[in-house]
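Novice: If you scroll down you'll find the structure; I have some questions about it.
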Amino acid sequence: MKTSNTLLFILVLLYINASTQWPTHTVCKEDNLEIYYKSCDPKQDFALSIDQCSDIATHTFNIRAAMVLGYSIKELYVKLDMIVNGKTILTYSETLCGPGHSKLIFCGKNKGEQLYYEGPVTLEIKEIPQGDYTISAKLTNQDHIVVACAEFTVKNYLDYY
Numbered sequence: 134m135k136t137s138n139t140l141l142f143i144l145v146l147l148y149i150n151a152s153t154q155w156p157t158h159t160v161c162k163e164d165n166l167e168i169y170y171k172s173c174d175p176k177q178d179f180a181l182s183i184d185q186c187s188d189i190a191t192h193t194f195n196i197r198a199a200m201v202l203g204y205s206i207k208e209l210y211v212k213l214d215m216i217v218n219g220k221t222i223l224t225y226s227e228t229l230c231g232p233g234h235s236k237l238i239f240c241g242k243n244k245g246e247q248l249y250y251e252g253p254v255t256l257e258i259k260e261i262p263q264g265d266y267t268i269s270a271k272l273t274n275q276d277h278i279v280v281a282c283a284e285f286t287v288k289n290y291l292d293y294y
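Here it is, written out as structure tokens:
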């Protein structure tokens, strides 16, 4: 009995390691705005949700995000790329955690700790561009190791005028 349980456990682990793609998750979907994401880290997925798509247009909205850290984050950097038709048209990067520079409450967390945030987020953009595009987001730590990454698909047909 123990041998069969051990064999089943090993097969499950091998299957998980062989699988390199996570499912696509829906962040929100309303009449004029749809946002989906997929983790691009083959070893780790994460959870992200918002209350309503329409709240994004107000530039401040509530989110819930959670993950277990695979690596410590004494320093944390974000790089965002906007991709349209396979071409990067906009790049943004920022230091989120660093010596004397901590914008996030989870700066300094260690490997294995759970990150959980529930609360407001404010976008520092005037409006979300209309159309269909991809946002590639990558968070790296002080050792240049990817802590989390995702590709967001945005389908925006909101009229701001």
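Per my numbering: the sequence shown ends with 294, consecutive numbering throughout. Just so it is clear, CB atoms sit at the ideal spot from N, CA and C, and this is done for glycine as well.
For the segment 266-277 against the segment 202-219, are there 3 or more C-beta pairs whose distance is under 8 Å?
Specialist: yes
Novice: Residues in the same chain with beta-carbon distance under 8 Å from Y170, minus the five sequence neighbours each way, listed in chain order, please.
Specialist: T157, H158, V160, L181, A283, E284, F285 and T286
Novice: Between the segment 193-202 and the segment 218-233, do three or more beta carbon pairs fall short of 8 Å?
Specialist: no
Novice: When you compare only the Cα positions, how much space is there between L140 and K162?
Specialist: With a pLDDT of only 44 at L140, under 50, the local geometry of the prediction cannot be trusted, and the value read off the model is given with reservation. Rounded to whole angstroms, L140 to K162 spans 41 Å at the Cα level.
Novice: Please determine, among Y210, D276 and I238, the residue with the shortest C-alpha to C-alpha distance to E227.
Specialist: E227 has its Cα closest to that of Y210, out of Y210, D276 and I238.
Novice: Specify the secondary structure class of I206 as computed by DSSP and reduced to three states.
Specialist: coil
Novice: Where does I189 fall in DSSP's three states?
Specialist: For I189, the three-state secondary structure derived from DSSP is helix.
Novice: Look up L147 in the DSSP assignment and say whether it is helix, strand or coil.
Specialist: A caution first: L147 carries a pLDDT of 49, below 50, which makes its placement in the model unreliable, though a value can still be read off. DSSP places L147 in helix when its eight states are reduced to three.
Novice: Give me the DSSP bridge partner(s) of Y169.
Specialist: T159 and T286
Novice: Can you list the beta strand (DSSP E) stretches of 3 or more residues lying completely in the segment 210-250, in chain order?
Specialist: Within the segment 210-250, the runs of beta strand (DSSP E) that reach at least 3 residues and sit entirely inside it are, in chain order, 220-231.
Novice: Just tell me which of P262, V280, G252 and G231 has its CA closest to the CA of A190.
Specialist: P262
Novice: Restricting to Cα atoms, I'd like to know which of N289, G203 and D184 is closest to E260.
Specialist: When only C-alpha atoms are compared, the closest one is N289.
Novice: Exposed or buried, L166, counting other C-beta atoms within 10 Å across all chains shown (16 or more means buried)?
Specialist: With a threshold of 16 other beta carbon atoms within 10 Å, L166 meets it and is buried.
Novice: Could you spell out where the beta strand (DSSP E) holding K271 opens and where it closes?
Specialist: Here the beta strand (DSSP E) through K271 covers G264 to N274.
Novice: If we ignore side chains and look at the alpha-carbon of each, how far apart do I183 and D276 end up?
Specialist: 31 Å
Novice: Given D188, which residues of its chain have a CB within under 8 Å of its CB, disregarding the five upstream and five downstream residues?
Specialist: F194 and N195
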